[in-house]
Amino acid sequence: MTTRNILIMPGDGIGPEVMAEVERLIAWFNAHGKTRFETARELVGGAAYDVHGTPVTEAAMEKALAADAVLFGAVGGPKWASVPYDKRPEAALLRLRKDLGLFANLRPAICFDALKASSTLKPEIVAGLDIMIVRELTGGVYFGEPRGITNLPNGERRAVDTQVYTTHEIHRIARVAFELARLRGNKVASAEKHNVMTSGLLWKEEVTKLHAAEYRDVELTHILADNCAMQLVRNPKQFDVIVTDNLFGDILSDEAAQLTGSIGMLPSASLGARDAATGRQRALYEPIHGSAPDIAGQGKANPIAAILSFAMCLRYSFAMKAEADAIERAVAAVLDQGLRTGDIMQPGMKLLGTNEMGSAILACLAKTV
Ligand code: NAD
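In our numbering, each number is its position in the sequence shown, counted from 1, plus 22.
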């Protein structure tokens, strides 16, 4: 029997509530599946700050580095609004991304048929939507040097951020996108601004070179990032995989998220480089929503984003495609039965709490596997 080590970091607010449902799912797979999941738990974010005075301890970082995958809930909340900047809950996530070398952020935007009316776009525009945004996560303008604010002799102030990418950074993120496309619709749209940015020009040239050398079987198009933003609301189903830099990816992935109707439904994965010798690839999976302080502790949170993040973990870290498919089918089936949490509630549907939604998904899973 294969053993997989998972570190669970529930975090703050609704983080522990939605992760509890993921842990029930893991327990179910341990009882019924062929893989043994060994789990450990660590505090993170405000919860870790309250106990240890830091949002992530060195011991937790060691466990995250050693784990086959990290499942992360959410961090933050008004309770920690005035803690020192370097101790704020969100600093834990930045440290994890940096130390684990998580350069590729995968953000699927899937519209479940039962929820097509929840989108702000017309149902026919979003029905059947299934796109994957691959965002570069550790480079670009959020990290480029020089950066900072300087005082000018004339009394004005001047701010600089630097957008910077190297061939290596472009190739490794484009490679993730091409490999993913081969498992999906076999199409990649690469979004940049080569018309006004030299980093965009390099991005376009290098993606083209890599495509010609190794991925000719995948259909590649180049699209200006501003046009991509427009096409996402005009005709989002034209896209399969979109690959883009850190800044444009931040914006385009949030725009795509909105197409699907609810933040409580959307998973994400952040992947590192695959070690050529061992085949190991560090990875962290998390719902895209935050700690939702407004509903925390009330048993109302939608656990589906966290559950679908676990499905991504099975698919991308453990090559357990059948099990990942089964979870996604169970979620779709529960929605088709008219079961809803508050965030996705519609007239005539049945309202469930976090735990009841987890139970409904488990019950469907048990029937289909
Ligand atoms: P949020 O995602 O926490 O909440 C936005 C809205 O969506 C709220 O009304 C909330 O009730 C609702 N919502 C979110 N997830 C839901 C779910 N699973 N089920 C039902 N409803 C859900 O964003 P926010 O309010 O801007 O931020 C709250 C805190 O979370 C802040 O401290 C912020 O810094 C933090 N945050 C953390 C992460 C992370 O841990 N990765 C991401 C975003 C925000």
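All C-beta atoms in this analysis are idealised placements derived from N, C-alpha and C, irrespective of residue type, glycine included. Values in this document were obtained by computation on a predicted structure and should not be read as measured data.
Q) Taking DSSP as the reference, what is the three-state secondary structure of residue 156? A) strand
Q) Under three-state DSSP, which class holds residue 28? A) DSSP places residue 28 in the strand class (E or B) of the three-state scheme.
**Q.** Contact check, residue 148 vs residue 258, beta carbons under 9 Å
**A.** It is a contact, given that the beta carbons lie within the stated cut-off.
Q. From what residue to what residue does the alpha helix (DSSP H) around residue 38 run?
A. 37-54
Q) What residue from 267, 87 and 281 has the CA that sits closest to residue 253's CA? A) 281
Q: Counting only the same chain and skipping the five closest in sequence on each side, list residues whose C-beta sits under 6 Å from that of residue 4.
A: Examination of residue 4 is not possible in this model, given that the chain is present from 23 through 391 alone.
**Q.** Residue interval of the alpha helix (DSSP H) (run including residue 178)
**A.** That residue, residue 178, is in no alpha helix (DSSP H); it is neither H nor E in DSSP.
Q: Within the segment 268-331, note down every full beta strand (DSSP E) run reaching 3 residues or more, in order along the chain.
A: 289-296 and 303-309
Q. Less than 9 Å separating the beta-carbons of residue 241 and residue 209?
A. yes
Q: Leaving aside the five residues before and after residue 121 along the sequence, list all residues of the same chain whose C-beta is less than 8 Å from its C-beta, in chain order.
A: 83, 86 and 87
Q) Are the CB atoms of residue 67 and residue 96 nearer to each other than 9 Å? A) yes
Q) Since residue 188 is in the alpha helix (DSSP H), which residue starts that stretch and which ends it? A) Per DSSP, residue 188 belongs to no alpha helix (DSSP H) and is neither H nor E.
Q: With 9 Å as the threshold, decide whether the Cβ of residue 344 is near any Cβ in chain C.
A: The question asks about chain C, but that chain is absent: this structure has only one protein chain.
Q: Would you list the one or two residues that DSSP bridges to residue 130?
A: 154
(Q) Can you check which of these residues, 207, 332, 299 and 298, is closest to residue 310 by C-alpha distance? (A) 332
Q.
Shorter than 8 Å, the distance from the beta carbon of residue 365 to the closest heavy atom of ligand 1, or not?
A. Using a cutoff of 8 Å, the CB of residue 365 counts as near ligand 1, since one of the ligand's heavy atoms is closer than that.
(Q) Taking its Cβ as the centre, do 16 or more other Cβ atoms sit within 10 Å of residue 389, making it buried, or is it exposed? (A) With fewer than 16 other Cβ atoms inside 10 Å of its own Cβ, residue 389 counts as exposed.
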